[in-house]
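Protein sequences, first through last, are from chains A and B. Residue numbers for the first sequence follow the working numbering, so the first one is 239 and each next one is one higher. Residue numbers for the second sequence follow the working numbering, so the first one is 105 and each next one is one higher. Notes to accompany the following structure.
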Amino acid sequence: MDITPEQLYQERMKRVEDAIQLRVPDRVPFFLFSGYLPCRYVGMPLQQAHYDSAKYFAACKKLTVDLAPDLYFNAGSPVKTAGAALDALGMKQIRWPGHGIPANSPFQFVEDEYLRADEVDAFLEDPSDFTVRSYLPRVYGALESFSMLPPLNWMMMGYITTGLAAAITIPAVAEALEALAAAGREAAAWAAGEAALDQELAALGFPVLAGSGTFAPMDFVGIIRSSKGMMLDMYRQPDKLLALIDKLLPTTIDTALALAEMSHNPRVFMAINRGADGLMSLQQFEKFYWPGFKQVVLAVVDAGLTPVIHFQGCFDTRLEYFTEFPRGKVIGLFDRTDIFRAKEIVGDTMCIAGNMPLTLLRAGTPEEIKDYARRLINIVGKDGGFIMSSNTVLDDADPERVRIWMDFTREYGVYR
Amino acid sequence: MNYLLVDAIADMREQEALAAVQELLVSGTDPMTVLALCRDAMTIVGERFESGEYFLPELVLAGEMLSQIADIVKPRIQSDATTEGLQSPKVLLGTVQGDLHDIGKNIVGFMLDVNGIDVHDLGVDVPVERFVEAIEKEKPDVVGLSGFLTVAFEAMKETVEAIEKAGLRNQVKIMIGGGMVDEHIRAYTGADAYGRDAMAAVSLVEKWSGKD
Numbered sequence: 239m240d241i242t243p244e245q246l247y248q249e250r251m252k253r254v255e256d257a258i259q260l261r262v263p264d265r266v267p268f269f270l271f272s273g274y275l276p277c278r279y280v281g282m283p284l285q286q287a288h289y290d291s292a293k294y295f296a297a298c299k300k301l302t303v304d305l306a307p308d309l310y311f312n313a314g315s316p317v318k319t320a321g322a323a324l325d326a327l328g329m330k331q332i333r334w335p336g337h338g339i340p341a342n343s344p345f346q347f348v349e350d351e352y353l354r355a356d357e358v359d360a361f362l363e364d365p366s367d368f369t370v371r372s373y374l375p376r377v378y379g380a381l382e383s384f385s386m387l388p389p390l391n392w393m394m395m396g397y398i399t400t401g402l403a404a405a406i407t408i409p410a411v412a413e414a415l416e417a418l419a420a421a422g423r424e425a426a427a428w429a430a431g432e433a434a435l436d437q438e439l440a441a442l443g444f445p446v447l448a449g450s451g452t453f454a455p456m457d458f459v460g461i462i463r464s465s466k467g468m469m470l471d472m473y474r475q476p477d478k479l480l481a482l483i484d485k486l487l488p489t490t491i492d493t494a495l496a497l498a499e500m501s502h503n504p505r506v507f508m509a510i511n512r513g514a515d516g517l518m519s520l521q522q523f524e525k526f527y528w529p530g531f532k533q534v535v536l537a538v539v540d541a542g543l544t545p546v547i548h549f550q551g552c553f554d555t556r557l558e559y560f561t562e563f564p565r566g567k568v569i570g571l572f573d574r575t576d577i578f579r580a581k582e583i584v585g586d587t588m589c590i591a592g593n594m595p596l597t598l599l600r601a602g603t604p605e606e607i608k609d610y611a612r613r614l615i616n617i618v619g620k621d622g623g624f625i626m627s628s629n630t631v632l633d634d635a636d637p638e639r640v641r642i643w644m645d646f647t648r649e650y651g652v653y654r
Numbered sequence: 105m106n107y108l109l110v111d112a113i114a115d116m117r118e119q120e121a122l123a124a125v126q127e128l129l130v131s132g133t134d135p136m137t138v139l140a141l142c143r144d145a146m147t148i149v150g151e152r153f154e155s156g157e158y159f160l161p162e163l164v165l166a167g168e169m170l171s172q173i174a175d176i177v178k179p180r181i182q183s184d185a186t187t188e189g190l191q192s193p194k195v196l197l198g199t200v201q202g203d204l205h206d207i208g209k210n211i212v213g214f215m216l217d218v219n220g221i222d223v224h225d226l227g228v229d230v231p232v233e234r235f236v237e238a239i240e241k242e243k244p245d246v247v248g249l250s251g252f253l254t255v256a257f258e259a260m261k262e263t264v265e266a267i268e269k270a271g272l273r274n275q276v277k278i279m280i281g282g283g284m285v286d287e288h289i290r291a292y293t294g295a296d297a298y299g300r301d302a303m304a305a306v307s308l309v310e311k312w313s314g315k316d
């Protein structure tokens with residue numbers, strides 16, 4: 239009897255859920271952390287992902303259907319979106335393929351002090367006003383004129399004609415609003431395409447990784463203050479840094495919960511990076527990074543959701559902290575952390591995933607790939623609680639090597 | 105006062121360090137001596153980084169202190185003052201084309217510098233031609249290619265090929281480094297060696313220049 243896509247979907251979700259809850263599934267589930275891999279797979283330049291979304295979403299579908307992972311990675315993100323939207327806004331905070339970087343380079347962040355050291359007080363006083371009138375004009379060239387708007391709290395009086403309404407008639411502000419609307423239409427079209435892709439793949443039996451995302455507050459600080467500014471704050475104004483973290487914490491939680499509710503997907507993706515080994519001392523981690531990070535994770539779990547935490551870089555010296563997470567509620571997707579040690583320390587706490595080196599999937603021999611996968615399955619996959627995945631997004635992997643790895647996992651990863 | 109300056113920098117007390125510099129200059133200390141003290145302090149910072157006591161924030165703050173001190177001191181240095189380190193090996197450093205990551209590269213630059221190696225940093229997203237031009241102009245002993253992303257592998261390979269094509273390959277040693285670089289990638293790019301961390305870069309340069 240043929241198995242229906244509906245049954246396949248349930249089977250895959252059960253496999254993933256078993257691993258999350260630290261049970262032993264029928265076989266090791268596989269998460270395809272694909273990034274721009276769909277482009278490589280069909281032979282289109284990465285730039286086209288941003289400028290020909292129909293073609294890109296078709297490539298995502300083809301890759302997922304052909305390779306049949308248990309979870310596939312979201313096709314877009316707030317920054318991996320319509321190039322036309324980014325163009326309309328004059329986005330400066332990232333560069334995307336063909337825009338400031340070669341057509342075949344993945345998007346990258348441009349670090350800058352979008353919030354300067356001496357402006358932290360102003361931000362703490364009124365984050366929304368600072369965001370609209372200072373932050374957006376710095377991040378988006380097309381929104382520079384927002385700096386000409388009156389303070390947003392002037393509207394509290396209700397008499398908006400003398401303040402906001404008049405300011406909107408300034409030609410530069412009117413143009414900025416048009417740019418914003420144009421970008422919004424492009425972004426909405428992209429989002430609709432992505433939602434259609436997810437529906438189509440769900441109907442074919444494939445669940446998508448996440449429905450929302452958030453940050454650790456300290457990573458949020460790093461984005462707006464820059465990593466360098468954030469590090470200097472640890473010495474120059476530690477109290478303000480802590481106040482900034484406290485101020486951002488509710489935002490990191492509320493957005494995750496709201497987006498999860500909209501998407502009806504319980505998994506919340508978090509990219510964790512600025513707290514990695516080497517980027518700060520353990521004392522600094524404990525003082526600045528860990529408390530806010532932990533609170534976000536606990537709040538997401540309390541809401542009945544599952545954080546999928548990509549620990550970017552190496553977190554070897556931080557592993558003991560993560561035993562404080564609730565048992566069987568979190569996926570830890572590891573990059574260069576010693577995953578075998580992670581199994582020992584946090585294997586009873588969280589589902590462990592990741593670590594298959596992209597370098598092997600790019601340049602390794604089939605035997606090296608299988609050997610590594612075998613070790614992961616034997617050691618980290620022992621007694622369940624493990625999802626096979628790569629250490630990072632597979633932007634530049636060789637699709638044939640990825641296929642070898644997946645086929646091997648399906649075959650060798652059966653629990654008996 | 106001398107020790108005060110060295111300790112203040114090495115212990116990350118920024119305000120005290122800047123005040124100590126002012127006091128030293130007011131009391132007539134040779135500006136070159138002040139810079140030498142800074143170098144001593146940076147050596148301590150480098151050692152503490154190496155031993156795992158210090159991390160990136162301390163290197164960043166130390167770099168900030170040094171550049172503020174240089175701004176104060178340099179206008180007072182006579183232009184005919186001899187520069188030190190004529191014998192030191194020279195390294196040309198840069199993040200390859202298409203990659204904007206600079207943290208790893210900056211750590212390597214810092215550690216090379218505090219170990220007495222002359223560093224020319226070309227920045228990030230450095231086109232292949234700029235490496236070639238800079239090799240012709242600066243005549244470095246070693247070229248260090250940095251890259252965090254996997255696209256950097258291709259750019260590293262292209263850069264090595266371009267250096268070869270320009271007939272400069274036998275004049276320089278090439279080392280690569282960055283998040284995911286390993287022996288596979290070293291072989292793929294045609295570089296001479298790869299380093300896992302900043303100290304590996306220092307060791308490679310010292311080995312190649314016969315210093316160790």
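For every residue, glycine included, the Cβ atom is placed at its ideal position computed from N, Cα and C.
For D222/B, the enclosing beta strand (DSSP E) has its first and last residue at D222 to D225. A contact between stretches requires three or more CB pairs, one per stretch, nearer than 8 Å, and the region 253 to 267 of chain A fails this requirement with the region 392 to 407 of chain A.
Rounded to the nearest whole angstrom, the C-alpha separation of L270/A and C277/A is 14 Å. Nearest neighbour of A296/A by Cα position, chosen from L275/A, G566/A, S315/A and L309/A, turns out to be L275/A. Taking a contact as a CB-CB distance under 8 Å, the pair A259/B and G251/B counts as one, their CB atoms being some 7 Å apart.
The beta carbon of P389/A sits closer than 7 Å to those of D367, all from its chain and outside the five residues before and after it, given in chain order. A direct Cα-to-Cα measurement between I615/A and V266/A gives close to 8 Å.
Beta-carbon to beta-carbon, G150/B and V218/B are separated by about 4 Å, close enough to satisfy the 8 Å threshold. At the C-beta level, V534/A and T630/A stay beyond 8 Å of one another. At least 8 Å separates the beta-carbon of M594/A from that of F560/A. In this structure, the straight-line span from the alpha carbon of L415/A to that of L381/A is close to 8 Å. Put simply, the backbone Cα of D484/A is about 24 Å away from that of F159/B.
Around S465/A, the same chain offers E349 and R512 as residues with beta carbons nearer than 7 Å, after the five sequence neighbours per side are excluded. Taken atom to atom, the span from the alpha-carbon of V317/A to that of I332/A is near 8 Å.
Chain-ordered, the chain B residues with CB closer than 8 Å to the CB of Y473/A read M116, E118, P161 and L165.
With a threshold of 16 other beta carbon atoms within 10 Å, Y298/B meets it and is buried. The Cβ atoms of V177/B and P231/B lie no closer than 8 Å to each other. Across the structure, K532/A and R290/B are spaced so that their CA atoms are roughly 38 Å apart.
Within 7 Å of the CB of A601/A, the CB atoms of chain B belong to H288, I289 and Y292, in sequence order along the chain. Listed in chain order, the positions of the region 190 to 222 of chain B with a beta carbon within less than 8 Å of a beta carbon of chain A are Q201, G202, D203, L204, H205 and I207.
R333, I339, P340, N342, S343, P344, Q346 and F347: these are the residues of the region 328 to 347 of chain A whose beta carbon lies less than 8 Å from some beta carbon of chain B, given in chain order. In this structure, the straight-line span from the alpha carbon of G516/A to that of R117/B is close to 21 Å. Per DSSP, reduced to three states, the secondary structure at L253/B is coil, with no helix or strand assignment.
In the structure shown, M116/B falls within a coil segment according to DSSP collapsed to helix, strand and coil. With a contact defined as Cβ atoms closer than 8 Å, W312/B and D203/B miss out at about 24 Å. Sequence-distant partners of G651/A (beyond 5 residues in either direction) whose C-beta falls short of 6 Å from its own C-beta, in its chain, are R265, V266 and I615.
Exclusion of the five residues before and after I583/A leaves L557, E558, F560 and T561 as the residues of its chain whose Cβ lies within less than 8 Å of its Cβ. Classified as buried, V110/B has 16 or more neighbouring CB atoms from the shown chains inside 10 Å of its CB. According to DSSP, residue pairing for T452/A in a beta bridge involves M508/A. For H548/A, the pairing in a beta bridge is given by DSSP as A509/A and L571/A.
Taking a Cβ-Cβ threshold of 7 Å, the residues of chain B close to S519/A are F159, in chain order. In the three-state reduction of the DSSP assignment, M518/A falls in the strand class. The C-beta of H502/A has fewer than 16 other C-beta atoms within 10 Å across all chains shown, which makes the residue exposed. With distances taken between CA atoms, D554/A lies nearest to F578/A out of F578/A, L486/A and M626/A.
Cβ atoms of V255/B and S372/A stay farther apart than 8 Å, at about 33 Å. Around E262/B, the same chain offers V232 as residues with beta carbons nearer than 6 Å, after the five sequence neighbours per side are excluded.
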